[in-house]
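Protein chains in written order, with full-length UniProt numbering: chain A, 1 to 348; chain B, 1 to 295.
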Amino acid sequence: MKTAALLPRLVLSAALLAPFCAHAAGEVNLYNWSDYIPQPLLKRFEKETGIKVNLDVYESNESLLAKLKAGATGYDVVVPSDYMVKIMIDEKLLERIDAGKLSNFSRVMAPLDKPAFDPRREYSAPYMWGVTGFTYDSSRVPGGKLDESWKSFFEPPAALKGKVVALNDANELYNAASIYLKVDPCSEDPKVARQVQDLLLRQKPMLAMYNSDGTIERMQAREVIMHQQWNGAAYRTREKLKSAVFVYPREGIPFWNDNFVVPRGAKNRDNALKFINWMMEPRNIAEASNFTGYNNAIKGSDQFFKADLRADPAINPPAELRKRFVPNKVCSQKATQLRDRVWTNLKK
Amino acid sequence: MRDPRTVLRRALLLAPTGLTLFVFMVIPMGLMGWMSVLEPDTYGGVRWHALSLDAYVQFWYERDLDDSLILNTAYMEIFLRSFLLAGFATLATLVLGFPTALYIALQDERTRQRLILLISIPFWTNLLVRTYAWMLLLRNGGLIDSGLGALGLGSGALDVLYTPTAVAIGFVYSFLPFMVLPIYTSLEKMDWRLVEAAFDLGANRWTALRRVVLPMALPGIAAGCLLVFIPALGSYYIPELLGGGKSLMIGNLIQNQFGTARNWPFGAALSFTLLALVLLAMIVYTRRFRQAPGE
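Okay, here's the thing in structure tokens:
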């Protein structure tokens, strides 16, 4: 009697469990920035490889670091920015995956084939890259054109007073100011920090605000004339404001990139590697670029770009402009605190 | 003689409250206090065994080039600004809120309920959404700007958004209900025959308000002031969004320390200092208003 009643139950629970077992063998847990990868692309990966992708999202490098340091498990691929990859390597939070030896890695173009934060690509593979320059509305500046220099942004013409916006981000603003002043952004010298502070204090009365949200809408609504901006956002600004011009200042432009890494102890390491390698196929990464509006480091992917994305010099700059890239660096604790003091003094 | 069973029962009944307070108040605050006297780790976090009072020193002094300490007023200025803004919000909501509460309390039962419902309607949506709505209202070419223009009153540019005026508007708007509701609650219970008695004894309306109504409303006013002042002190996205992020508030300052500045001990020390100041305000409040007049 007892066994007779038990059997159907066992069959039932086995049937219920079966799909979970099947998935456990083939899944990869991706932890990415919000709104940074198209769902159809993940679906296609699933169809082509049989590996299911579970997506979870975060908002900042710092929150990602805090989560991994606190011992978060259950992620197989995460997407930190350049400087954060370096921090995670130093903190021993990453699996060594030798991404440089993956079959599709040969397609990775300079400078991201050997970046300073991971020169032999032992821990990371490139995803998107971008630059932080500034955009202006050429229909509303004196003479219809501004000099291709950070001077235009930090010391704008008087007519633009109250019509300029800086990003509300200490690092982006400090890096740009350092490039303009030709000083080391990671300098530990208080005198250098003072120079940066003076420049930012002089610029402040010209600014409408410090704000990193809604940069596209603010330019499109013609609320302001100039905006420190990421090139992907500049591309989307131009969809509605044709007179917007994105500037690659000749002094240099902060260059950042996001990278796939595998956290230490990831359960689906092999699937993670398959996913990373698959994402380095030109057609696949191009689909991600078409969605995010940012370029990637894979040779030959631009032939799969949307026409306007491929034609946009802000996104797909000629070799001449690429020489202006200045990669982000990881600053020492002392330099970071100096930076924070400048930021506090700027806004006290 | 106390019955041991009573003692036990009392202890058991108090246990859940005590445990909740211990787990959710004492432990986190102890952790924060401990963290504030440690050294920061290179990439955020703290060195758990390296004691240091640097975080508290940093609040007052900065190191000069030759490592000598010089007074640094930046953090104090930020604290002062936050306190002034919160103080302004308290005062402005009081000036607007007291007459409102008095008016509502003087209506008949049904009207009162309707008016209270109206006061509470803003709570139905998130404050962040409502702040964004204010940005749309206040911006140049926004609803108020173009409305004034259509009436021939505006000169084309309102220029209010991203100024301290916009922050003040945002504060008064957001915190007004917190002032009206407690004052109304204390006035609602009032015995209005006392006001009639005051009139009979020769008081005019102003004297009656000042000598009878106001003292009765005092506990409500005090509660309202606390309910406005403390959240206003910690609020930072209203100044950030409406003020254009040109000046830091205590909240931003603390957030920066745990984020980009990677200086957790200083962030903890700032939180602790804020806590101490608020606690001080609370002590003053309870001392002053412990005995409500008329009780």
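Note that beta-carbon positions come from the ideal geometry of N, C-alpha and C, so glycine has one too.
Three or more Cβ pairs drawn from the stretch 313-329 of chain A and the stretch 71-84 of chain A lie within less than 8 Å of each other, which places the two stretches in contact.
Under DSSP, A/Lys52 shares a beta bridge with A/Glu27.
At a beta-carbon threshold of 9 Å, none of the residues of chain B lie near A/Thr237; the nearest stands roughly 18 Å away.
Counting of Cβ neighbours within 10 angstroms places A/Gln39 among the exposed residues, the total staying below 16. Of the residues assessed, B/Asn126 falls on the exposed side of the cut-off, its CB having fewer than 16 other CB atoms within 10 angstroms. With contacts defined as CB atoms closer than 8 Å, B/Phe98 and B/Ile183 qualify as a contacting pair. The alpha helix (DSSP H) runs lying completely inside the stretch 143-231 of chain B and spanning 4 residues or more are 143-150, 164-188, 193-200 and 205-208, given in chain order. Considering only beta carbons, the part of the stretch 211-238 of chain A lying closer than 7 Å to chain B consists of Asn211 and Glu223, in chain order. Under the 10 Å beta carbon count, A/Val342 is surrounded by 16 or more other beta carbons and is classified as buried. The beta carbons of A/Leu94 and A/Pro254 sit no closer together than 8 Å. Counting along the chain, the unbroken beta strand (DSSP E) around A/Val326 starts and ends at Phe325 to Pro327. B/Leu153 is positioned such that its CB atom lies no closer than 8 Å to that of B/Leu138.
Taken in chain order, the unbroken stretches of alpha helix (DSSP H) that lie wholly in the stretch 173-261 of chain A and span 4 residues or more are 190-203, 215-220 and 231-238.
By the CB criterion at 8 Å, A/Leu200 and A/Ala170 fall outside the cutoff.
In the same chain as A/Ala116, and ignoring 5 residues on each side of it, the C-beta atoms closer than 7 Å to its own belong to Pro327, in chain order. Nearest CB-CB separation between B/Arg139 and chain A: below the 8 Å threshold. Per the coordinates, the alpha-carbon of A/Arg120 lies some 16 Å from the alpha-carbon of A/Asn277. In this structure, DSSP gives A/Ser81 an extended state, which the three-state scheme calls strand. Taking a C-beta distance under 8 Å as the contact criterion, B/Ser235 and B/Arg81 do not qualify as a contact pair. Two segments are said to touch when three or more pairs of C-beta atoms, one from each, lie closer than 8 Å; by this definition the stretch 241-256 of chain A does not touch the stretch 267-275 of chain A. For the options B/Thr260, B/Phe266, B/Arg287 and B/Val278, the alpha carbon positioned closest to that of A/Leu65 is the one of B/Thr260.
As computed with DSSP, B/Ile70 is found in a beta bridge with B/Glu62.
In the three-state reduction of the DSSP assignment, A/Met128 falls in the strand class, which pools E and B. Contacts between A/Ala170 and chain B, judged by CB atoms closer than 7 Å, involve Thr260 in chain order.
At a cut-off of 8 Å between beta carbons, A/Gln197 makes no contact with chain B. Contact between A/Val165 and A/Met209 holds: their C-beta atoms lie close to 6 Å from each other, under 8 Å. The C-beta of A/Ile276 comes no closer than 8 Å to any C-beta of chain B. By the C-beta density criterion, A/Lys163 is buried, having at least 16 other C-beta atoms within 10 angstroms.
Annotation: Cβ neighbours of A/Met209 in chain B (cutoff 7 Å, chain order): Tyr162, Gly244, Gly245 and Lys246. Within the stretch 277-311 of chain A, no residue has its Cβ closer than 9 Å to any Cβ of chain B. Within the same chain, and ignoring the five residues on either side of A/Glu251 in sequence, the residues whose Cβ sits closer than 6 Å to its Cβ are Trp150, Ile179 and Tyr180. In the three-state reduction of the DSSP assignment, B/Ile78 falls in the helix class.
Excluding the 5 residues flanking it on each side, B/Cys225 has same chain C-beta neighbours closer than 6 Å at Thr90, in chain order.
Under the three-state reduction of DSSP output, A/Asp98 falls in the coil class, being neither helix nor strand.
Interface flag for B/Ala11 against chain A is unset, since no Cβ pair is found closer than 8 Å. Contact between the stretch 28-39 of chain A and the stretch 286-302 of chain A is established, with three or more Cβ pairs separated by less than 8 Å.
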